[in-house]
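From first to last, the protein sequence lines stand for chains A and B. First residue of the first sequence: 9, per our numbering; consecutive thereafter. First residue of the second sequence: 9, per our numbering; consecutive thereafter. Read through the structure below, which is laid out as structure tokens, and then see the notes.
Number of protein chains: 2
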Amino acid sequence: MSAYTHRRRPLHEVTRDLVATAMGREPADLIIRNGRLVNVNTAQMQDGVDVAVRHGFIAFIGDAAHIPVGSGTTVVDAAGRYLLPGFIDTHLHVESSMVDVRSFARAVLPEGTTTIACDNHEITNVFGLRAVELFHAAAQGLPLKVLVAMPVCVPSIPGFEDAGATITAREVSAAYRRGWAQLQGEQMNFPGVIYGDPEVHAILAASLQAGVVLTGHYASPEIDRGLPAFVAAGITACHEGTTAQDALRRAQLGCYAQQRYGTAWLDMPHTIRAVTERPGLDTRFFTLITDDATPATLVRDGHMSRAVRAAIAEGVSPITAVQMATINAAQLLERSRWIGTIAPGRAADILIVSDLVRVMIDQVYADGVLVAEGGEMVVDIPPFSYPAWAMRSVHVDPLRGDDLRIPHRGTTTRVRVMRVVPGKVHTEQEIMEIPVRDGALQADPARDLSKVAVFYRHEPREGATGTKGFGFVTGLGFRAHVAFGSTVAHDSHNLMVLGTDDDDMVVAANEVIRLGGGMVVVIAGRVRAAVPLPLAGLMSLESADVVAGQVEDLEAALRDAGCPAPHIEMTLSLLPLIVIPELRLTNRATGLVELAPGEPPRFVELTVP
Amino acid sequence: MSAYTHRRRPLHEVTRDLVATAMGREPADLIIRNGRLVNVNTAQMQDGVDVAVRHGFIAFIGDAAHIPVGSGTTVVDAAGRYLLPGFIDTHLHVESSMVDVRSFARAVLPEGTTTIACDNHEITNVFGLRAVELFHAAAQGLPLKVLVAMPVCVPSIPGFEDAGATITAREVSAAYRRGWAQLQGEQMNFPGVIYGDPEVHAILAASLQAGVVLTGHYASPEIDRGLPAFVAAGITACHEGTTAQDALRRAQLGCYAQQRYGTAWLDMPHTIRAVTERPGLDTRFFTLITDDATPATLVRDGHMSRAVRAAIAEGVSPITAVQMATINAAQLLERSRWIGTIAPGRAADILIVSDLVRVMIDQVYADGVLVAEGGEMVVDIPPFSYPAWAMRSVHVDPLRGDDLRIPHRGTTTRVRVMRVVPGKVHTEQEIMEIPVRDGALQADPARDLSKVAVFYRHEPREGATGTKGFGFVTGLGFRAHVAFGSTVAHDSHNLMVLGTDDDDMVVAANEVIRLGGGMVVVIAGRVRAAVPLPLAGLMSLESADVVAGQVEDLEAALRDAGCPAPHIEMTLSLLPLIVIPELRLTNRATGLVELAPGEPPRFVELTVP
């Protein structure tokens with residue numbers, strides 16, 4: 009497999025060559041003959057179409073008989089198969105795939121994704137602005153087009169936890185100015201937007217002044233007032249609609265409905281009814297996105313290909329579904345003169361598809377280069393050489409048993425407990441009576457009660473280093489002598505360890521520390537499964553395939569540990585996520601943060617009288 | 009009538025106020041209640057819609073009962089009438105209206121046009137880059153949004169005439185960098201594009217590097233090869249399609265079909281069949297434009313309103329026709345986060361329309377300010393104070409009789425004659441025998457033969473000042489002792505005078521010179537009609553209404569002079585336009601330029617052996 013060496017040239021350098029090829033004066037680099045063009049500009053199928061490519065751009069569409077075939081020309085016979093523009097995902101977090109952006113590219117290119125707009129929100133919580141620069145640098149030279157969406161909610165809510173960094177309007181402006189980010193990532197602090205928080209609006213202003221597209225995350229069912237207010241702030245894309253009405257109202261308000269079809273959050277089958285039940289609706293403001301996809305989803309089911317396939321299965325016409333993943337997305341990004349359509353002057357991101365309804369992709373061309381065939385990469389993407397600091401993000405000394413000790417007098421006490429609900433993102437707060445043994449609060453597997461701790465793990469910083477929080481969690485069904493440790497702990501991604509035995513928890517935490525980040529399951533003192541995630545404690549440099557296997561192994565170990573719920577590690581990773589109700593654990597103060605409906609978050613004590 | 013004083017604020021300054029109004033915490037500046045929203049985002053009609061406006065932006069759409077009405081709030085009852093976004097014309101020349109941009113604004117705002125992208129091509133032929141700066145300056149503070157499209161074909165073809173200036177890639181870059189131009193105007197030199205002329209591609213590169221949208225003028229029926237080549241150069245909008253196939257092919261190629269419906273060039277009724285005969289076609293790449301509209305058209309029939317009305321009359325659904333004049337145009341311009349839709353965060357450019365099919369516009373709001381009602385402006389737009397140089401552009405000394413003398417020996421000779429074809433833009437070349445009298449070639453009204461002369465009239469420049477060209481024209485039917493003089497003479501806009509008598513021609517030319525530019529008809533030694541155009545010799549500072557009356561008077565005079573064809577002054581203004589076949593007259597060399605089919609232009613001698 010040859011190394012991918014193509015370097016993108018700007019259109020302004022090659023217009024004379026493109027017209028020379030289009031007019032037949034000079035050979036093309038690539039001619040795809042006799043395709044069935046899925047024309048997303050006019051929503052037409054056009055038979056017998058040739059496409060000629062030069063310098064990575066489409067030079068010509070039509071009957072290319074007049075264009076000379078030179079010694080350097082590749083000629084491909086589409087033999088009547090469909091020609092589609094490469095897919096565009098306008099909102100996703102690469103970190104959710106647990107692989108770095110280069111492994112991510114290797115995973116999604118064979119599935120027809122040729123452009124992503126990725127909000128590298130998680131790694132920015134670890135490293136701050138330098139993560140944006142790093143991400144931008146790591147994406148250079150890829151056949152996958154990567155537009156970095158500037159993370160704007162780091163931390164998610166100030167004052168309750170210590171992430172590795174803080175992003176303000178100053179960093180946001182700098183990222184655009186330096187060319188590291190090309191659009192604004194999801195503004196998740198929608199209450200801050202609609203209630204006029206000055207810091208949030210300073211960030212909006214930074215993006216608006218830079219002239220970039222702003223994307224949002226309006227996660228409320230109240231769409232009569234709050235949603236128009238959110239859009240009035242200049243945010244023209246949002247992926248948090250979960251119903252047909254949510255999606256339709258967004259589109260009506262001129263805010264692109266980014267219909268989500270990720271691994272766990274499957275909104276599109278609901279939102280798409282806005283389209284399928286309204287023939288004649290103009291669907292230009294509807295797109296498809298993945299948001300969060302695990303490596304297993306990417307490897308086993310696909311990426312945007314899976315979303316397009318599912319949309320068609322829901323009854324959308326294939327051409328409309330393809331538009332949602334191509335031209336509509338390109339218009340959302342204000343990049344339709346570059347991507348999203350098979351048309352002259354655009355990047356030659358072309359899919360040859362043998363079955364449109366099932367989205368069977370035979371070949372993937374990115375900038376005119378064949379990069380994948382039959383679901384496999386056919387070019388080699390060299391790894392990125394990450395700097396040492398990016399691979400050493402867990403700044404915690406190995407634990408000892410008493411690091412997990414929660415001293416308490418008496419014999420029992422009443423504590424606040426987080427009940428996890430498998431498959432859901434929220435927790436429920438419960439009050440449980442728990443045992444005091446050896447002068448400390450203890451887990452109690454007999455009553456499905458695990459202890460959980462969060463340790464600050466980022467760069468040494470006064471007031472943060474050495475901090476930790478303790479809590480208890482129920483709903484997992486963990487047996488005695490099991491533990492789970494992880495540095496994937498949204499959004500601050502501190503070191504989280506939980507289990508039914510302090511010694512096993514120490515083993516789990518120390519294995520995570522030894523790996524430089526990742527997820528570990530310990531059973532009876534032995535490391536039973538591990539997913540090493542050395543890049544920021546969030547990502548592997550292995551392939552998505554390898555990591556998918558590791559995660560499946562970890563999930564099997566979690567079942568052995570007593571928890572039958574699928575993908576429970578994803579649910580656990582949200583335990584510190586203080587923007588979701590009801591009870592969460594961070595490294596700060598008492599550790600426990602309560603988010604009651606309609607109330608701002610607040611710290612609460614572990615024990616209750 | 010109060011003066012228009014609204015100053016546009018950038019969105020980033022007012023987002024907190026917009027959300028405060030949307031959420032009902034603070035009053036709106038304007039609330040329009042109970043409208044029938046023509047939702048161009050989703051192609052839906054929505055009844056009972058309120059729109060709340062603050063700081064010139066739309067803050068809210070929906071039921072605005074919760075938004076307080078303050079002492080400064082204007083409340084308007086739409087009473088079920090239609091609410092449309094303001095119309096956008098993405099390609100026009102203000103100069104064709106013969107009034108300056110401020111009078112133009114007064115003429116088109118009552119007709120619902122709230123944004124124009126104008127290629128100020130004509131005045132740039134007179135003054136060069138400083139005309140672009142001037143135009144930009146004159147458009148400041150208008151309720152009409154003016155995007156200046158940088159003229160890129162000045163002169164139309166180098167080497168054949170002397171315009172007042174030359175535009176190269178250097179000036180094009182400067183105009184973007186200095187903020188005077190916001191997109192590229194029509195690239196008319198389509199042979200230069202598709203045959204790879206380096207200067208033309210340097211200009212394309214300047215626009216592409218600046219990141220602006222490029223518009224084109226591909227005026228050939230050959231759409232199989234040349235059109236894709238043209239689009240491959242990065243040009244994504246073109247108004248030169250005249251057939252349904254032309255328009256469809258443009259849209260299929262991802263090049264916006266700017267369907268023209270100006271005063272004289274009425275392509276839309278033909279091109280629109282691409283849409284009306286193809287139900288289900290995605291029409292997002294179809295727009296409507298006017299290109300050239302006379303003051304009479306603006307005053308008597310309307311502007312974009314007329315084009316929308318005509319499109320509906322051709323069978324397009326009203327909502328699709330409105331989309332072509334609003335959201336599609338905004339997407340062409342990559343400005344849909346600002347204009348083209350009634351949606352939160354967008355400029356409050358809103359039309360209240362009582363009859364959608366007839367496009368009866370009751371009220372026009374620009375940036376939330378009521379600017380026109382019942383077809384009349386309700387705010388006063390102060391005139392722009394043009395600098396002296398812009399009002400003194402005719403640098404020719406008054407003529408004497410012998411300035412028009414074409415010395416020749418013998419008694420008769422054979423000459424090349426331009427035959428004008430009323431209503432068409434081309435000329436036909438004929439060879440005629442003409443009389444020699446007093447040792448000079450003479451007009452001969454008995455044989456419908458007028459003499460025509462073109463004098464360089466721009467800033468003194470060595471090699472240009474004092475130059476003139478002579479020719480003969482037939483097909484007008486002019487009687488004896490008539491003359492027509494004009495500084496509207498495409499594209500270089502030198503001083504043109506023609507007629508059947510040298511003395512009358514001198515009177516006509518001298519009256520044009522005295523007026524500082526304009527059009528004049530002289531009959532029997534007396535000025536019979538005049539349209540003074542002192543701004544660059546192209547535009548009046550009077551209202552469109554006044555100038556429309558002057559032009560109608562001039563046209564009556566031309567009929568009196570013997571020419572019955574309507575709008576013949578428009579046809580005559582093209583006599584020096586060397587990019588259109590077959591025979592043209594400029595100030596340079598022999599004066600006569602022949603453009604034969606498939607041949608480059610060349611100078612030819614007046615007399616033939």
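Using N, Cα and C, we set each Cβ at its ideal position, and we do this for glycine too. All values derive from a computational prediction rather than experimental measurement.
- Annotated three-state conformation of Y203/A is coil, per DSSP.
- Within the segment 64 to 96 of chain A, the residues whose Cβ lies closer than 8 angstroms to any Cβ of chain B are, in chain order, F65, I66, A67, F68, I69, G70, D71, H74.
- Using a Cβ-Cβ cut-off of 8 angstroms, M53/A does not count as an interface residue toward chain B, since no Cβ of chain B sits closer than that to its own.
- For I131/B, no beta strand (DSSP E) encloses it; the enclosing alpha helix (DSSP H) starts and ends at 129 to 135.
- Between the alpha carbons of D300/B and L457/B lies a distance of about 29 angstroms.
- Annotated three-state conformation of L593/B is strand, per DSSP.
- A distance below 8 angstroms separates the beta carbons of S548/A and P540/A.
- Residues are counted here when their Cβ sits less than 8 angstroms from a Cβ of chain A; for the segment 232 to 258 of chain B these are D232, R233, G234, P236, A237, F238, V239, A240, A241, G242, I243, T244, L256, given in chain order.
- When DSSP reads this structure, D232/B sits in no beta bridge, so it has no partner.
- At a cut-off of 8 angstroms between beta carbons, A30/A contacts chain B.
- DSSP places E577/A in the uninterrupted alpha helix (DSSP H) bounded by 576 to 581.
- Boundaries around T421/A are those of the beta strand (DSSP E), 420 to 428, since no alpha helix (DSSP H) includes it.
- Nearest in C-alpha terms to A245/B, of all of H99/B, D370/B, Q331/B, T123/B, is H99/B.
- Here the alpha carbon of H416/B sits roughly 18 angstroms from the alpha carbon of T508/B.
- Under the 8 angstroms criterion on CB atoms, I202/B is classed as interfacial with respect to chain A.
- Look at G270/B: its C-beta is not under 8 angstroms from any C-beta on chain A.
- Those residues of the segment 332 to 350 of chain A placed with their C-beta closer than 7 angstroms to a C-beta in chain B are Q339, E342, R345, T349, ordered along the chain.
- Using a CB distance below 7 angstroms, the part of the segment 213 to 226 of chain A facing chain B consists of A213, L216, Q217, ordered along the chain.
- Separation of E34/A and P76/A (C-alpha to C-alpha, rounded to the nearest whole angstrom) is 6 angstroms.
- In this model, W346/B and L92/B are separated by some 15 angstroms (Cα to Cα).
- By the rule that beta-carbons nearer than 8 angstroms mark a contact, N197/B does not touch chain A.
- Contact fails between the segment 554 to 562 of chain A and the segment 582 to 596 of chain A, because fewer than three Cβ pairs, one in each stretch, are under 8 angstroms apart.
- Relative to the Cα of G310/B, the nearest Cα in the group Y184/B, S105/B, Y203/B belongs to S105/B.
- As computed with DSSP, I439/B is found in a beta bridge with R424/B.
- Excluding residues up to 5 positions away in sequence, G32 lie with their Cβ nearer than 6 angstroms to the Cβ of H74/A in the same chain.
- Between the alpha carbons of R366/B and R610/A lies a gap of roughly 60 angstroms.
- Taken through DSSP and simplified to helix, strand or coil, Q267/A comes out as strand.
- Cβ neighbours of D55/B within its own chain (closer than 7 angstroms, five residues either side excluded): R44.
- According to the DSSP assignment, Y184/A belongs to the alpha helix (DSSP H) that extends over 177 to 185.
- Shortest Cα-Cα distance from G485/A to any of D499/A, H501/A, G525/A, D568/A involves D568/A.
- Residue pairing by DSSP places K432/A opposite no residue, since no beta bridge is assigned to it.
- With respect to chain A, the C-beta atom of P352/B has a partner C-beta closer than 8 angstroms.
- Bridge pairing for M158/B: Q192/B [DSSP].
- The beta carbon of G288/A falls within 8 angstroms of a beta carbon belonging to chain B, placing the residue at that interface.
- Secondary-structure assignment with DSSP links S548/B through a beta bridge to V107/B.
- In the pairwise beta carbon analysis, the segment 385 to 392 of chain A is classified as not touching the segment 56 to 63 of chain A: fewer than three pairs are separated by under 8 angstroms.
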